[in-house]
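Numbering (the working numbering), first residue to last: 75 to 498.
Every residue gets a Cβ at the ideal spot worked out from N, C-alpha and C, and that includes glycine.
Treat the numbers as computed from the prediction; the structure is a model and nothing was measured.
What follows is a set of notes on a single structure, which appears directly below.
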């Protein structure tokens, strides 16, 4: 791994995160995976190391970093345990809506506790019938005087059982679709806020993923993000654009951690009188794995830097890094299990956990099928913005396209620019 493009401050951050990962996380990763328990000792170590709010500005008690710094820490944590990587990352996911759309009073109210590691926060967007199509949610928040009354259920709420705060998205104006959704921060001890089913997961088992039940849950109107109704869906999509590089960083960390174990194992495992790493077939697998990991890492860094710079093409780049890095994680961890042979399939070695943890990265915060839609729609939109189809078909070569048919070609020429909003 090359860190030549990183600042000295970032390299120091990597060292601190790597120390926590190796000294605190790795020794207890298997225990919490088997027991499906939250690693509070890890949370304390993160807080004591000053890593709880690396993405939060200094004026709100954070370290003043951005998405890049967040990704650097997540990658190191995930090399030791993918579940602990996402347990950390979900605090960014939950707090990004406050950073991006909260009022100044709301930022000063909630962000310092998150930055200090004193409060954990989750993100409540998905529902049973509103996953990729988040705009079809039915949870409601009805204004009643100086309060909102929330009713409904949230599904796949990562960290919801341990979080002090939850950024909940709900319908405040029925009948308006995505434009009727607002974000509201709900505190865990609020009457009517109840944690329901704990999912029994294949991977990331140390972080709870739960159902949330909101039953006449009354929340102060001061908790409405931004103080204005109807902007919640937009804020959620902006959040996901900045959070997806974090999922991609988790994937890179998982791939790197599995690769490290595979290199060590293949150097020690003897067959036919020599280490199996001496065989060309194994060497080629290792070479491909290392190349794919580094390519994913650099795409993640590029997307993170774009997010920190406020780039206009963030949605496309964020989807690209999430898509590519998570597919790499699944391939690399699967290949690592293969290199361990039969031992890779049993729990005597930790490698099978990497494959289990990697799978979810292709699913949450927008499935990779949805990422392909996001990327394609942005590509088509950009093509329509910058040039017409005539620019791609030289006049002298027009007859070569006769098979398309005049009517179809005319339809392509006249096609309007696709809508810019995508549902994840």
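For the candidate residues the options, whose alpha-carbon lies nearest to that of residue i?
i           : options               : result
residue 438 : 299, 365, 206 and 171 : 206
residue 209 : 267, 195 and 244      : 244
residue 96  : 403, 120 and 132      : 120
residue 292 : 185, 263, 323 and 94  : 263
residue 320 : 305, 194 and 162      : 162
residue 282 : 110, 91 and 93        : 110
residue 187 : 168, 146 and 257      : 168
residue 389 : 248, 316 and 427      : 316
residue 384 : 141, 105, 322 and 459 : 141
residue 108 : 116, 434, 172 and 278 : 278
residue 193 : 322, 240 and 376      : 240
residue 151 : 117, 276, 345 and 376 : 117
residue 364 : 353, 347, 327 and 378 : 327
residue 178 : 416, 213 and 297      : 297
residue 295 : 223, 425, 376 and 345 : 223
residue 166 : 313, 424 and 375      : 313
residue 200 : 354, 416 and 257      : 257
residue 432 : 322, 454, 143 and 457 : 322
residue 94  : 148, 133, 83 and 81   : 148
residue 217 : 248, 228 and 198      : 248
residue 427 : 104, 82, 456 and 414  : 104
residue 196 : 176, 349, 175 and 259 : 259
residue 227 : 221, 220, 219 and 215 : 215
residue 303 : 429, 252 and 132      : 252
So, at 6 Å on beta carbons, what are the nonlocal neighbours of residue i in its own chain, with the 5 sequence-adjacent residues on each side left out?
i           : result
residue 318 : 392, 396 and 439
residue 139 : 128 and 129
residue 136 : 127, 130 and 189
residue 325 : 399, 400, 403 and 435
residue 238 : 193, 194 and 262
Quick check on residue i: does DSSP put it in helix, strand or coil?
i           : result
residue 343 : coil
residue 353 : coil
residue 303 : coil
residue 500 : In the structure as shown, the chain begins at 75 and stops at 498. Residue 500 is therefore absent and cannot be evaluated.
residue 204 : strand
residue 108 : helix
residue 238 : coil
residue 289 : strand
residue 220 : coil
residue 264 : coil
residue 463 : For residue 463, the predicted model reports a pLDDT of 48, less than 50, meaning its position is unreliable; a value from the coordinates is still stated below. Reduced to three states, the DSSP call for residue 463 is helix.
residue 192 : coil
residue 226 : strand
residue 323 : helix
residue 123 : coil
residue 91  : helix
residue 281 : coil
residue 365 : helix
residue 232 : strand
residue 141 : helix
residue 450 : helix
residue 385 : coil
residue 80  : coil
residue 245 : strand
residue 470 : Note that residue 470 scores a pLDDT of 45, beneath 50, so its modelled location is shaky; the value from the coordinates is reported in the next line. The answer is helix: DSSP assigns residue 470 an H, G or I state.
residue 85  : helix
Does chain D have any CB closer than 8 Å to the CB of residue i?
i           : result
residue 439 : As a matter of chain content, chain D is missing from the structure shown, which is built from one protein chain.
With respect to the alpha helix (DSSP H) encompassing residue i, which residues constitute its N-terminal and C-terminal limits?
i           : result
residue 165 : 156 to 175
residue 187 : 178 to 189
residue 210 : Premise fails: residue 210 is in no alpha helix (DSSP H) and is neither H nor E.
residue 433 : 425 to 433
residue 392 : 388 to 413
Where do the ends of the beta strand (DSSP E) carrying residue i lie?
i           : result
residue 260 : 255 to 261
residue 268 : 267 to 272
residue 195 : 195 to 198
Note down, in chain order, each residue of its chain lying with its Cβ closer than 7 Å to the Cβ of residue i, except the 5 sequence neighbours on either side.
i           : result
residue 398 : 370 and 373
residue 90  : 123 and 125
residue 378 : 141, 142, 145 and 319
residue 406 : 329, 332, 333, 363, 366 and 367
Between residue i and the rest of its own chain, which residues show a CB-CB distance below 8 Å, the 5 nearest in sequence each way excluded?
i           : result
residue 284 : 231, 234, 235, 269, 270, 271, 272 and 273
residue 449 : 390, 393, 394 and 397
residue 100 : 154 and 155
residue 289 : 225, 266 and 268
Review point. If we count Cβ pairs, one from each stretch, closer than 8 Å, do we get three or more for the segment 351 to 367 versus the segment 334 to 342?
Key: yes
Check your understanding: Should the segment 298 to 317 be regarded as contacting the segment 271 to 280, the criterion being three or more beta carbon pairs within less than 8 Å?
Key -> no
Exercise for review: Decide if the segment 402 to 422 is in contact with the segment 324 to 339; the criterion is three or more beta carbon pairs, one per stretch, under 8 Å apart.
Suggested key: yes
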